[in-house]
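What follows is a single structure, written as structure tokens, with notes after it.
Number of protein chains: 2
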Amino acid sequence: MQPILARSALPDAPAQSAHDRVYRGLRQQVMHGELTPGTALTLRGIGKSFGVSMTPAREAVRRLTAEGALTFSASGRVATPELNNERIEELASIRALLEPELGSRALRRAHLALIDRMESINEANARAIRAQNPVDYIRTNLEFHRTLYLRAQSPAMLGLLETVWLQLGPTMRALYTRLRRTAAPPHHRLILEALRAGDDAALRLALRTDVTQGLRHLQV
Amino acid sequence: MQPILARSALPDAPAQSAHDRVYRGLRQQVMHGELTPGTALTLRGIGKSFGVSMTPAREAVRRLTAEGALTFSASGRVATPELNNERIEELASIRALLEPELGSRALRRAHLALIDRMESINEANARAIRAQNPVDYIRTNLEFHRTLYLRAQSPAMLGLLETVWLQLGPTMRALYTRLRRTAAPPHHRLILEALRAGDDAALRLALRTDVTQGLRHLQV
DNA sequence: GCCTCGCATGTGTGATCACAATCCGGTATG
DNA sequence: CATACCGGATTGTGATCACACATGCGAGGC
């Protein structure tokens, strides 16, 4: 069964140029944790794997480094970021700040169909866990949150949040393989219950703990 | 007298390549309100004004559009963003979310020298108002806030905030010329007082009102 | 006088190239 | 056996070019 995917927020619309295809492709690889921290990339390599020259690859990389999805070494070499604990905690606290706010804004507009959709994504998330598939797990987990936040009608805030997700992508992948979850994240149920009850305070709390819980047990 | 300027947070350090010079130059022009909303730019024009070819200009523009400092029209034309009221309010609410948090984090580490520095920047801000100089006004105003937030030791959060400032740059310029302030922003005094008193709640409130006040009276 | 069509100009895009810096092998040396 | 060194291969950078397309101005028609 095909999971229902909510469209991403940042890249607004169609716009199919070569560098844009490369950008979206790389962005997805990073955000969904297909790359582990410290993975080295080369412009020529990126270009070849997307069937384009260096020029569009360079532009895509510029965009992604601007969003923190990739880092430049001093000599201009590009790689996925290796975050220290301090930075991870800071990014987690930003999530803990933004996500309850987005959830709260979405709450007023959340109708039953949305909750059903989230429920279905959450089941796909549980399947990914059973299948020990880290990429699917990360993807469906973010999908779950994004589906809610899209209802907040706050594109700028969602864009900022996706930037944070992007920075955490490779780290989340490394984290996942380290602790090998076997059960679904318990807070997703709480989020859904709070949504159904229309309880703002409970929703904020559930989102906050879901975010901090996932990243707390990390010792790099 | 030369105002004391706190270094920006995002572009970490030295790194002097051609595209980086262009990036920093454009970024400053946008953030400080040297460009009004809707100003059209061309890659060749940018390149010429910085003495480089199109290539570095293109990369700088990509970075800046990724941060929301510039927008692409459908045909790839680049211009400073023209924000609608909805977007302005959203960005203001993001500032109202992030800035009290950053201020609160800085409060614990704020010593007297920092407050003195902010006082001095605030005087420069008042001078810019008397001189009817919008760019200096915006620059010193942001400098005032950034000087405080740098103490929060939260580079990722400050980076996100600067992205928001960047998006608001041209709009703040347009706003400034519309309402022609004649007095210093009243909330800066409250911020300084809360800092001196070490009062977290008062500081959060003062920052929040300073941010929302400045952008509330805007009807585009 | 106003609108429409068409062409000249301007503009972004992507490919290619030359170049300098960096990295990474192996080899020689202590 | 470990370490320093050297040279070839790899990599990012910036310039330049050809091309397709959008834009806008001017001429012609209504």
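Line by line, the protein sequences give chains A and B.
When we follow the numbering used here, the leftmost residue of the first sequence carries the number -16, and every step to the right adds one.
When we follow the numbering used here, the leftmost residue of the second sequence carries the number -16, and every step to the right adds one.
By construction, the Cβ of each residue, glycine as well, lies at the ideal position given by its N, Cα and C atoms.
How would you list, in chain order, the residues of chain A whose beta-carbon sits under 9 Å from the beta-carbon of residue i?
{"i": "L26(B)", "result": "Per Cβ cutoff of 9 Å: no residues; L26(B) is ~12 Å from chain A at best."}
Cβ of residue i within 7 Å of Cβ of residue j?
{"i": "Q150(A)", "j": "G51(A)", "result": "yes"}
{"i": "A111(A)", "j": "T130(A)", "result": "no"}
{"i": "L24(A)", "j": "R41(A)", "result": "no"}
{"i": "P117(A)", "j": "T19(A)", "result": "no"}
{"i": "R134(B)", "j": "R92(B)", "result": "yes"}
{"i": "A79(B)", "j": "V194(B)", "result": "yes"}
{"i": "M140(B)", "j": "I77(A)", "result": "yes"}
{"i": "A43(A)", "j": "L9(A)", "result": "yes"}
{"i": "V35(A)", "j": "A1(A)", "result": "yes"}
{"i": "L143(B)", "j": "L143(A)", "result": "yes"}
{"i": "R45(B)", "j": "R45(A)", "result": "yes"}
{"i": "S137(B)", "j": "E69(A)", "result": "no"}
Just to check my reading of the structure: residue i and residue j have Cβ atoms closer than 8 Å, yes? What is that Cβ distance to the nearest angstrom?
{"i": "I104(A)", "j": "E126(A)", "result": "5 Å"}
{"i": "L53(B)", "j": "T63(B)", "result": "6 Å"}
{"i": "A159(A)", "j": "Y120(A)", "result": "At residue 159(A) the sequence reads Tyr, which differs from the Ala that was named. Confirmed, Cβ separation roughly 6 Å."}
What residues from chain A crowd round residue i, counting only those whose CB sits closer than 8 Å?
{"i": "I77(B)", "result": "A139, M140 and L143"}
{"i": "R46(B)", "result": "R45, R46, T48 and A49"}
{"i": "R41(B)", "result": "E42"}
Going along chain B in order, which residues have a C-beta closer than 8 Å to the C-beta of residue i?
{"i": "E73(A)", "result": "S137, P138, A139 and M140"}
Can you name, in chain order, every residue of its own chain whose Cβ lies under 7 Å from the Cβ of residue i, other than the five neighbours on each side?
{"i": "D3(A)", "result": "none"}
{"i": "T192(A)", "result": "H170"}
{"i": "L186(B)", "result": "G86, S87, L90, I174, A177 and L178"}
{"i": "T146(B)", "result": "E50 and G51"}
{"i": "R(-10)(A)", "result": "Interpretation of R(-10)(A) is limited by its pLDDT of 45, a score under 50 that renders its predicted location unreliable; the figure taken from the coordinates is listed afterwards. Closer than 7 Å at Cβ, skipping near neighbours: no residue."}
{"i": "W148(B)", "result": "M14 and L125"}
{"i": "P83(B)", "result": "R187, L190 and R191"}
{"i": "I(-13)(A)", "result": "Confidence is the limiting factor: at I(-13)(A) the pLDDT is only 42, short of 50, which leaves the residue's position unreliable, though a coordinate-based value still follows. Excluding residues within five positions, the ones whose Cβ falls inside 7 Å are R100, S103 and I104."}
{"i": "Q12(A)", "result": "L18"}
Whose C-beta lies closer than 8 Å to the C-beta of residue i among residues of the same chain, with five residues either side of it excluded?
{"i": "Q(-15)(A)", "result": "Legend: pLDDT at Q(-15)(A) = 40, less than 50; position of this residue unreliable, value from coordinates given subsequently. So no residue of the chain qualifies."}
{"i": "S56(A)", "result": "A62"}
{"i": "E106(B)", "result": "none"}
{"i": "I29(B)", "result": "V5, L9, A40, A43 and V44"}
{"i": "T48(B)", "result": "T54, F55 and V61"}
In chain A, which residues lie less than 7 Å from residue i when you measure between Cβ atoms?
{"i": "L80(B)", "result": "L80 and E84"}
{"i": "E50(B)", "result": "A49"}
Run through chain B and tell me which residues come within less than 9 Å of residue i, C-beta to C-beta.
{"i": "R70(A)", "result": "P138 and A139"}
Residues in the same chain with beta-carbon distance under 6 Å from residue i, minus the five sequence neighbours each way, listed in chain order, please.
{"i": "L(-7)(A)", "result": "Per-residue confidence for L(-7)(A) stands at a pLDDT of 47, beneath the threshold of 50, marking its modelled position as unreliable; the derived number appears in the next sentence. The answer, listed in chain order, is G142 and E145."}
{"i": "V203(A)", "result": "With a pLDDT of only 45 at V203(A), under the threshold of 50, the placement of this residue in the model should not be trusted; the figure read from the coordinates follows. Only N68 meet the Cβ criterion."}
{"i": "D(-5)(B)", "result": "Per-residue confidence for D(-5)(B) stands at a pLDDT of 48, beneath the threshold of 50, marking its modelled position as unreliable; no derived number is given."}
{"i": "A180(A)", "result": "none"}
Where are the alpha helix (DSSP H) runs, 4 residues long or more, that stay fully inside the region 74 to 105 of chain B, in chain order? Qualifying alpha helix (DSSP H) stretches: none in this window.
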